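Each residue of the sequence shown is one higher than the last, beginning at 1391 in the working numbering.
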Amino acid sequence: MSNKEYTIVEVEILGKLTRVNCPSGQEKSLQAAADELNQRLNKMTERTKVSNIEQLLIIAALNACYELNELQQQVHNSAQINERLEHLTLTLEQALPNKS
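In structure tokens form, the structure reads like this:
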């Protein structure tokens, strides 16, 4: 078990207060995430006219997972590009005459 200390943070989502355990020092990040979720849910409510909180949360979770997958793919692609550039740089360095 971790010896991390936690604090209780109250966040408001769709007008309902929820108390959440949060690692000490991460309160601002948690509040920012809660604010982002609340904004997304409010926008979805206006845009889709869905009022069922469970459905809204499922849609928001799916959207967040999709965005996470997209970002992970971009990171993976960037890593592959960096590896290829390093390989090309090494190949060029080996192919060019050494001017020492």
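From the three backbone atoms N, C-alpha and C, an ideal C-beta is built for every residue, glycine too.
Since we're looking at a predicted model, the values are computed, not measured.
Opposite Ile1443 in the DSSP bridges: which residues?
Ile1443 is not bridged to any residue.
Quick check on DSSP: helix, strand or coil for Asn1488?
coil
Quick check: Arg1409 and Glu1402, are their CB atoms within less than 8 Å of each other?
no
Please state the DSSP three-state secondary structure of Lys1406.
strand
Is DSSP giving Glu1400 helix, strand or coil here?
strand
So is Leu1461 buried or exposed if we call it buried at 16+ other beta carbons inside 10 Å?
exposed
So what does Cys1455 bridge to, in DSSP terms?
Answer is none; Cys1455 lacks a bridge partner.
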